[in-house]
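Here our numbering is used: the first residue of the sequence shown is 5, the next is one more, and so on.
Even for Gly, the Cβ is constructed at its ideal location relative to N, Cα and C.
Here the structure comes first, spelled out in structure tokens, and everything after it is commentary.
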Amino acid sequence: MKALLDDFRWWAWQARPYAGRFALGIAISIATVGANMALLAVAGWFIASMAAAGLAGASMNYFTPAAVIRGLAIVRTGGRYLERLVTHDATLRLLTGLRLWFYRQIEPLSTLDLHNGDLLARLRSDIDTLDHIYLRLVVPVVVGVVCLSAAVVVFAWYSPALALVNLTLLLAAGAIVPTLVYRLGRAPGQAAVETGARLKAAAVDWVEGLGELTVFGAVETRRAAIIELSDEWITQQRRLSKLSGLSNAGVLLLTNLALVGSAVVLIPLIRTNALHGVDFAPLLLLVIGCFEAVALMPGAWQALGQARAATARLRAFEHRAPVINEPARPAPAPTRDTIRLVDVGVRYTPDGPWALQQVTLSIAPGEHIAIVGPSGAGKSTLVNLLLRLTPKSRGEICWDARALSAYRAADLRARIALVPQQVYLFHTSVRENLLVGRPEASADDMIAAARTAGIHDEIVALPEGYDTLVGEEGQRLSGGQVRRIGIARALLRDAPILILDEPFEGLDRATSARLWARLQRQLADRTLILISHDLARVRTFERILVFENGRLVADGDHARLSQACESYRRLHSAYFKREPAAVPAHGPTPAQRRRA
Ligand code: ADP
């Protein structure tokens, strides 16, 4: 109960900016439902009175009731239109507000903490589910309570017994049936949501992997699995439909019981002349109107369950401490990129394993450094540390002679351009993908960066050149093209430090050699950090850092490491055994090339 109240408080707090619109929506709904009930009653009274007057041969003023009926019909129709307009407008505004709130919750969190698929689900379906709260829960319940209370007062004015019968049956239809439906429907409802999600994932998987499935002859088995899931989903949906059918039948039964009950109460009153005969029909029609209003209640309860589940998932992000704390009074952005790490350790969870430990090293501005090490050695963690995506757990890191924590994360990130292992392209044009890191860059700068990355000619050859849409996650381009667009994007950012994580994977030797030569010329004065398994290229570096199990085990050039570092020798010989065609690169080292 406390949790329910807490959820309501949270919803009210979120809805606060739009309170006026929400109240207006409810007022219009009350007028509409009230008009509907009154219309039934007045029309019933009018017909009965006309009949009575006809029988008695008396005349009666039918202009006024006819005008009232027309007026109520207009209010009902116009009200329904206005009600939809106002309530949906208010709800859409609330959903916009909720999306902004959600972005604000996740913004300070590290991207390492966020899982894209799950985030998307929360943004899309959970926030959308919250539209139920107002449209399917608050409006029907408030309107129901107001209109039904008014009707019960009318009933009581005619006869307390009539009020009692109807109140009891209305409560049964509006509270007991919905509670039962909610209880019985919760488990199959949840199961149906889960099966539905699994079915969606399996179907998407099937379509995307159809090529592989055909080649491996697995189409039929996969199809059978999907059909099985689909059957399971249909069974669950059928169970839910049965339940909602039963609940409709229950409400209908109660409506008829109420009609019979009301007739039983009213007929003796007419006999004893305590009630005028013409009031009989309108009262019974009012009973029907009441039950029409109550029929929305089971839906309201279902909406409550779904909305609470969605709220819980969204609120899981509330009060989550950001991984990186921004300084209260940030130091001005660094101007020199001397970076020093002393005895640095990183662990991703407080008692998890050390992803980096006892790392001491310094990076001078303009240095070109290669980093090698087996997978899981801590190379990406070092990059995350510099990008302020993860904090250090111990030791000291200084940038331009100040602790890293003294700067705003954005100021540090502005000095680094990264080409990650998995380059992500947005579903938009090549141009916009290139300009992501520097939207104000000129077309000439953009083309120059694309030329250096060796992708300009291929972009121009696309159907609409730089304005070609790349498809979702760059699907319309090859892996090598996506990677080179990633490199061009990083170059365009024009940051003093460039980090390349396996930039040449998927490129043939000749292309990658040409690209590397151009990059080295272009980046002669900038700090360059290359993470790579390509030992033929790495060995040309004057400075190579070797990581193993989170430790920096060696720091030096190829000649020195070949003699002194067992790990390096192992990586080196494993690489040339795997790639016998790779010729150890001779010729000038990057540093020599720079001096030349
Ligand atoms: P590399 O880049 O050399 O392959 P990583 O820096 O990715 O190595 O990983 C170092 C260690 O940290 C590994 O044991 C890895 O499992 C762990 N690790 C990396 N990223 C995370 C993360 N976001 N959460 C928890 N552990 C992580």
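Candidates the options, of which the one nearest residue i by Cα
| i | options | result |
| --- | --- | --- |
| residue 582 | 400, 547, 482 and 537 | 537 |
| residue 45 | 282, 306, 135 and 9 | 282 |
| residue 486 | 561, 457, 80 and 201 | 457 |
| residue 197 | 392, 169, 326 and 236 | 236 |
| residue 417 | 441, 435 and 434 | 441 |
| residue 23 | 38, 97 and 80 | 97 |
| residue 534 | 383, 17, 167 and 129 | 383 |
| residue 228 | 215, 210, 340 and 241 | 210 |
| residue 499 | 505, 527, 579 and 507 | 527 |
| residue 370 | 532, 353 and 217 | 532 |
| residue 579 | 385, 542, 277 and 226 | 542 |
| residue 29 | 57, 138 and 275 | 138 |
| residue 36 | 85, 216, 25 and 6 | 85 |
| residue 163 | 25, 112, 280 and 359 | 280 |
| residue 317 | 16, 25 and 129 | 129 |
| residue 191 | 434, 439, 313 and 469 | 313 |
| residue 259 | 488, 205, 71 and 292 | 292 |
| residue 506 | 11, 425 and 66 | 425 |
| residue 131 | 18, 232, 56 and 212 | 18 |
| residue 50 | 60, 66, 58 and 59 | 66 |
Nearest-angstrom Cβ-Cβ length linking residue i and residue j, presumed shorter than 8 Å
| i | j | result |
| --- | --- | --- |
| residue 415 | residue 337 | 4 Å |
| residue 613 | residue 364 | An answer regarding residue 613 cannot be provided, because it is not within the stretch 5 to 600 covered by the chain. |
| residue 32 | residue 83 | 6 Å |
| residue 301 | residue 151 | Their Cβ separation, rounded to whole angstroms, is 13 Å, which puts residue 301 and residue 151 out of contact at 8 Å. |
| residue 73 | residue 47 | 6 Å |
| residue 133 | residue 310 | 5 Å |
| residue 113 | residue 324 | 6 Å |
| residue 423 | residue 504 | 5 Å |
Close-in-space but distant-in-sequence residues of the same chain around residue i (CB under 7 Å, 5 per side omitted)
| i | result |
| --- | --- |
| residue 357 | 351 |
| residue 189 | 244, 247 and 306 |
| residue 550 | 376, 377, 557, 558, 565, 569, 571 and 572 |
| residue 553 | 381 |
| residue 107 | none |
| residue 548 | 374, 376, 542, 560, 561, 562 and 565 |
| residue 591 | Bear in mind that a pLDDT of 47 at residue 591, under 50, signals an unreliable position, so the number given afterwards is only what the model happens to contain. Same-chain partners within the cutoff: there are none. |
| residue 335 | 406, 410 and 411 |
| residue 77 | 43 |
Strand pairing of residue i, partner residues [DSSP]
| i | result |
| --- | --- |
| residue 517 | BP columns for residue 517 are empty, so no partner. |
| residue 421 | 502 |
| residue 433 | 473 |
| residue 535 | 375 and 505 |
| residue 415 | DSSP output for residue 415 lists no bridge partner at all. |
| residue 105 | Paired residue(s): none; residue 105 is not in a bridge. |
| residue 483 | Partner(s): none; residue 483 has no beta bridge. |
| residue 548 | 374 and 560 |
| residue 363 | 348 |
| residue 402 | 344 and 407 |
| residue 555 | 552 |
| residue 358 | 351 |
Buried versus exposed call for residue i [16 or more other C-beta atoms within 10 Å across all chains shown]
| i | result |
| --- | --- |
| residue 688 | No answer is possible for residue 688: the residues shown for the chain start at 5 and end at 600. |
| residue 187 | exposed |
| residue 428 | exposed |
| residue 157 | exposed |
| residue 304 | buried |
| residue 21 | exposed |
| residue 295 | buried |
| residue 576 | buried |
| residue 268 | exposed |
| residue 476 | exposed |
| residue 219 | exposed |
| residue 286 | buried |
| residue 87 | buried |
| residue 6 | exposed |
| residue 63 | exposed |
| residue 379 | exposed |
| residue 289 | buried |
Own chain residues within Cβ distance below 6 Å of residue i, not counting five before or after
| i | result |
| --- | --- |
| residue 398 | 349 |
| residue 431 | 476 |
| residue 400 | 346 |
| residue 13 | none |
Contacting residues, own chain, Cβ-Cβ under 8 Å from residue i (five flanking each side not counted)
| i | result |
| --- | --- |
| residue 298 | 148, 152, 174, 177, 178 and 255 |
| residue 8 | 312 |
| residue 436 | 430 |
| residue 497 | 421, 441 and 442 |
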